[in-house]
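Structure first, commentary second.
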Ligand SMILES: [Zn+2]
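Protein chains in written order, with the numbering used here: chain X, 1354 to 1698; chain L, 2 to 111.
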């Protein structure tokens, strides 16, 4: 294990130790199931593993063996936790390394850009639309943003004012700014673009595109930019292909396709070519001639990773995903004098 | 005065022939462009829209290029193919003949 991986383990253990404190005796059973009793490897602490069909954790927690679980932090500690997160480099460390004694039941592969992380507390992001948008389309788009919320603690809620997430359907293709960067975008500008989306678009496109862009808003970069997937691409084939089809220069192909994510800036495990965050790449550019299929919807491993880093803990049992609120911030706290230091990282 | 000419191929289509004046800049909402013939226009760049964030840094969304800039640089004809859609999947290429005229004559001194 590398030094960085050891730092990562220490960081998560420390976060787990801190957060487990307010589970003792009072919050071990969180309402509504969810990720409450889930350890760092995706296995619930009572031994119940991830639901194999829905991709969500369904067993309520009842034991606190502490150590390696992510739970919400008091607000004053979030910044320090984020600081810790940006220092670590766990990209090739399987998450089971964070847990001493539990087996991995589900692979966890998605990637998070740590500097854009929203933090572990459940939260609701407000959503508005820049152009005049029919109510049924607004509802449909937001329901697809909330596809992530079935597994994690971030929800999206419509607002009639200026949203934190601002969606345009104007020209420019499909894109989103990454994670907390959306807070830096001028209020009159979109943070997400869904060019030309209407109710006539097939449901499959809502799943593929809207859910992918929502993933960026959560802080997830492109999975096909992971080193292992980039290494499947033949540079000479890629240069020729994109020159012929798009007129892209070699430098542009390097930037768009051949430069992997900086492993120091991300947290994640194995790359996942079926992730919703992975583009479909044609076989014309791969070394073995086989395409990288890319994701058409949030898959089980996407859900598991999202739920791990954005736990749904302390969500009220009657809180509807269709009408999320900000109640997830009502987290019990301990006194500031009791805060331990983030030692060693 | 030179002009900025904005064309959204997927919405507006593209004209078969575009008459420009030296100094004009054409902006296409597109992912790529291929200069097929001529040298009267130059490709300024294949770019992605970005903004200046509240912290003063330039922020770029995650997405593919969405802007092609051409500049009319010399009198003559050039043919370009403007590409839009998904660079990794289905895309559409549209051919445009750019006919570039010389700059307007300077006003004569009285
Ligand atoms: Zn993307």
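Even glycine gets a Cβ: it sits at the ideal position worked out from N, Cα and C.
Residue i Cβ short of 7 Å to ligand 1 heavy atom set
{"i": "residue 1577 of chain X", "result": "no"}
{"i": "residue 1569 of chain X", "result": "yes"}
{"i": "residue 1565 of chain X", "result": "yes"}
{"i": "residue 71 of chain L", "result": "no"}
{"i": "residue 1614 of chain X", "result": "no"}
{"i": "residue 33 of chain L", "result": "no"}
{"i": "residue 64 of chain L", "result": "yes"}
Candidates the options: closest to residue i by CA position
{"i": "residue 1572 of chain X", "options": "X:1637, X:1477, X:1529, X:1650", "result": "X:1529"}
{"i": "residue 1702 of chain X", "options": "X:1663, X:1509, X:1646", "result": "Examination of residue 1702 of chain X is not possible in this model, given that chain X is present from 1354 through 1698 alone."}
{"i": "residue 40 of chain L", "options": "L:81, L:32, L:88, L:30", "result": "L:81"}
{"i": "residue 1542 of chain X", "options": "L:62, L:101, L:10", "result": "L:62"}
{"i": "residue 42 of chain L", "options": "L:75, L:88, L:28, L:29", "result": "L:75"}
{"i": "residue 1513 of chain X", "options": "X:1467, X:1535, X:1488", "result": "X:1488"}
{"i": "residue 1641 of chain X", "options": "X:1596, X:1480, X:1659, X:1584", "result": "X:1584"}
{"i": "residue 1501 of chain X", "options": "X:1517, X:1475, X:1522", "result": "X:1475"}
{"i": "residue 53 of chain L", "options": "X:1498, X:1540, X:1651", "result": "X:1540"}
{"i": "residue 37 of chain L", "options": "L:2, L:16, L:78, L:30", "result": "L:78"}
{"i": "residue 1499 of chain X", "options": "X:1485, X:1630, X:1620, X:1479", "result": "X:1479"}
{"i": "residue 1656 of chain X", "options": "X:1625, X:1533, X:1494", "result": "X:1625"}
{"i": "residue 1312 of chain X", "options": "X:1525, X:1535, X:1526", "result": "Residue 1312 of chain X falls outside the range modelled here, since chain X spans only 1354 to 1698, and no answer is possible."}
{"i": "residue 101 of chain L", "options": "L:73, L:7, L:57", "result": "L:73"}
{"i": "residue 1632 of chain X", "options": "X:1589, X:1569, X:1483, X:1662", "result": "X:1569"}
{"i": "residue 1784 of chain X", "options": "X:1533, X:1556, X:1561, X:1521", "result": "Here chain X covers residues 1354 to 1698 and nothing more, so residue 1784 of chain X does not appear."}
{"i": "residue 19 of chain L", "options": "L:29, L:88, L:46", "result": "L:29"}
{"i": "residue 13 of chain L", "options": "X:1582, X:1507, X:1630, X:1524", "result": "X:1524"}
{"i": "residue 35 of chain L", "options": "X:1594, X:1527, X:1574", "result": "X:1594"}
{"i": "residue 92 of chain L", "options": "X:1644, X:1620, X:1546, X:1526", "result": "X:1526"}
{"i": "residue 1575 of chain X", "options": "X:1661, X:1654, X:1531", "result": "X:1531"}
{"i": "residue 1659 of chain X", "options": "X:1645, X:1646, X:1644, X:1620", "result": "X:1620"}
{"i": "residue 1580 of chain X", "options": "X:1494, X:1618, X:1469, X:1511", "result": "X:1618"}
{"i": "residue 56 of chain L", "options": "X:1646, X:1538, X:1582, X:1643", "result": "X:1538"}
{"i": "residue 1556 of chain X", "options": "X:1590, X:1494, X:1598, X:1605", "result": "X:1494"}
{"i": "residue 1466 of chain X", "options": "X:1477, X:1602, X:1630", "result": "X:1630"}
{"i": "residue 15 of chain L", "options": "L:2, L:110, L:94, L:108", "result": "L:94"}
{"i": "residue 1646 of chain X", "options": "L:90, L:3, L:7", "result": "L:90"}
Contact belief for residue i with residue j at Cβ below 8 Å, rounded distance in angstroms
{"i": "residue 68 of chain L", "j": "residue 48 of chain L", "result": "4 Å"}
{"i": "residue 1627 of chain X", "j": "residue 1648 of chain X", "result": "5 Å"}
{"i": "residue 1587 of chain X", "j": "residue 1638 of chain X", "result": "6 Å"}
{"i": "residue 71 of chain L", "j": "residue 27 of chain L", "result": "4 Å"}
{"i": "residue 1635 of chain X", "j": "residue 1578 of chain X", "result": "Their Cβ separation, rounded to whole angstroms, is 16 Å, which puts residue 1635 of chain X and residue 1578 of chain X out of contact at 8 Å."}
{"i": "residue 1563 of chain X", "j": "residue 1503 of chain X", "result": "Between residue 1503 of chain X and residue 1563 of chain X the Cβ distance is about 14 Å, and since that is not below 8 Å, they are no contact."}
{"i": "residue 1518 of chain X", "j": "residue 1544 of chain X", "result": "6 Å"}
{"i": "residue 1650 of chain X", "j": "residue 1561 of chain X", "result": "7 Å"}
{"i": "residue 1666 of chain X", "j": "residue 1506 of chain X", "result": "7 Å"}
{"i": "residue 33 of chain L", "j": "residue 104 of chain L", "result": "Wrong, their Cβ atoms sit about 29 Å apart, outside the cutoff."}
{"i": "residue 1551 of chain X", "j": "residue 1490 of chain X", "result": "7 Å"}
{"i": "residue 1592 of chain X", "j": "residue 1604 of chain X", "result": "Between residue 1604 of chain X and residue 1592 of chain X the Cβ distance is about 10 Å, and since that is not below 8 Å, they are no contact."}
{"i": "residue 10 of chain L", "j": "residue 96 of chain L", "result": "Incorrect: roughly 11 Å between the Cβ atoms, too far for contact."}
{"i": "residue 59 of chain L", "j": "residue 51 of chain L", "result": "5 Å"}
Discussion item. Ignoring anything shorter than 3 residues, give me the beta strand (DSSP E) runs that lie fully in the stretch 58 to 90 of chain L, in order along the chain.
Written reply: Segments of the beta strand (DSSP E) lying fully in the stretch 58 to 90 of chain L: 68 to 73, 77 to 86.
Fill in: Contiguous alpha helix (DSSP H) assignments of at least 4 residues, all confined to the stretch 1467 to 1538 of chain X
You should have 1488 to 1498.
Item to complete: Write down every uninterrupted run of the alpha helix (DSSP H) in the stretch 1597 to 1678 of chain X whose length is 4 residues or greater and which is fully enclosed by it, in chain order.
Response: Taking only runs of at least 4 residues, the alpha helix (DSSP H) segments lying wholly in the stretch 1597 to 1678 of chain X are 1603 to 1606, 1653 to 1662.
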